[in-house]
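Trainee:
Protein chains: 2
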Amino acid sequence: MNFAVEIDIMPLKGLLDPQGRTVKEALQKLGIEDAQDVRIGKHIHMIIAADNEEEARRKVEKALETLLYNPVVEEYVYTLKPHQS
Amino acid sequence: MNFAVEIDIMPLKGLLDPQGRTVKEALQKLGIEDAQDVRIGKHIHMIIAADNEEEARRKVEKALETLLYNPVVEEYVYTLKPHQS
């Protein structure tokens with residue numbers, strides 16, 4: 069069974085996000101003066117195979133915790149749904 | 069009125085995504101051999117002010133088209149919802 073996984077890995081709230089700050093300033097120059105809380109992170113899409121949703125979640129969390137995200141400066145959310153292959 | 073905007077900017081399907089390829093290979097070394105279609109892009113979060121949803125969408129699309137994404141190599145999706153400030 070295949071699952072489509074969509075992961076967002078974002079800088080922790082309250083941490084300096086220089087990329088977000090740069091985009092906020094660029095938006096102001098475009099006339100979008102009122103953007104707040106601009107934060108820029110990563111989006112990861114993948115399709116994984118697993119026998120069931122629980123196994124799929126275990127795989128995704130293993131990948132996140134050993135490879136994809138840094139808990140000191142980032143947080144993540146992900147969604148997972150069955151995928152027709 | 070404030071809107072929370074969540075934007076995903078991803079490499080176009082079919083284009084080489086070297087970052088995605090690297091992650092796919094690293095996942096294989098972790099024992100997650102079956103990841104397919106691994107693609108890595110950007111996730112942007114922001115809060116913007118607008119009189120209504122239509123104006124909010126105009127602002128987001130202006131930001132995307134003049135600043136945030138490159139239509140030659142990327143595609144985007146975004147969601148927007150009212151945000152309590």
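Protein chains in written order, with our numbering: chain U, 69 to 153; chain X, 69 to 153.
We treat Cβ as the ideally placed atom computed from N, Cα and C, and that holds for glycine.
#1: Closer than 7 Å by C-beta to Glu143 (chain X): which residues in its own chain qualify, once you throw out the five before and the five after it? Chain order, please.
#2: Given a threshold of 16 other Cβ atoms within 10 Å of its Cβ, counted over all protein chains shown, does Arg89 (chain X) qualify as buried or as exposed?
#3: Please report the distance separating the alpha-carbon of Pro150 (chain X) from that of Lys97 (chain X).
#4: Hey, does Met114 (chain X) have any beta-carbon neighbour from chain U nearer than 8 Å?
#5: Can you find a C-beta in chain U that's less than 8 Å from the C-beta of Gln104 (chain X)?
#6: Using CA atoms only, rank isn't needed, just tell me which of U:Ile115, U:Ile116, U:His111, U:Glu101 is closest to Lys130 (chain X).
#7: Which term fits Val141 (chain X), buried or exposed, when burial requires 16 or more other beta carbons within 10 angstroms of its beta carbon?
#8: Less than 8 Å separating the beta-carbons of Arg107 (chain X) and His113 (chain U)?
#9: Assuming Val73 (chain X) and Leu148 (chain X) make a contact with CB atoms under 8 Å, what is their CB distance in whole Å?
#10: Would you mind telling me which residues of chain U sit closer than 7 Å to Leu98 (chain X), beta carbon to beta carbon, in chain order?
#11: Assuming Gly88 (chain X) is part of the alpha helix (DSSP H), what are its boundary residues?
Mentor: Judging by the given coordinates:
#1: Here residue 143 (chain X) refers to the residue found at position 75 of the second sequence. Cβ neighbours of Glu143 (chain X) beyond the five flanking positions: Met78, Leu80.
#2: Taking the second sequence and counting its residues from 1, the one referred to as residue 89 (chain X) is at position 21. With fewer than 16 Cβ atoms within 10 Å of its Cβ, Arg89 (chain X) is classed as exposed.
#3: Numbered from 1 along the second sequence, position 82 holds the residue referred to as residue 150 (chain X). Numbered from 1 along the second sequence, position 29 holds the residue referred to as residue 97 (chain X). Roughly 42 Å separates the two Cα atoms.
#4: The count along the second sequence starts at 1 and reaches residue 114 (chain X) at position 46. So yes, Met114 (chain X) belongs to the interface.
#5: For the purposes of this step, residue 104 (chain X) is taken as residue 36 along the second sequence, with counting starting at 1. Chain U contact via Cβ: present.
#6: Translated into the one-based positions of the second sequence, residue 130 (chain X) becomes position 62. Answer by Cα proximity: U:Glu101.
#7: Translated into the one-based positions of the second sequence, residue 141 (chain X) becomes position 73. The residue is exposed, with fewer than 16 neighbouring Cβ atoms inside 10 Å.
#8: Stepping through the second sequence from its first residue, residue 107 (chain X) is reached at position 39. Stepping through the first sequence from its first residue, residue 113 (chain U) is reached at position 45. In contact: Arg107 (chain X) and His113 (chain U) (Cβ atoms closer than 8 Å).
#9: Reading the second sequence from its first residue, position 5 is the one you call residue 73 (chain X). Reading the second sequence from its first residue, position 80 is the one you call residue 148 (chain X). Contact flag correct, Cβ pair sits at about 5 Å.
#10: Against the second sequence, residue 98 (chain X) aligns to sequence position 30. Simply Lys130, Ala131, Thr134, Leu135.
#11: Residue numbering aside, residue 88 (chain X) sits at position 20 when the second sequence is read from its first letter. Note, Gly88 (chain X): alpha helix (DSSP H), 86-97.
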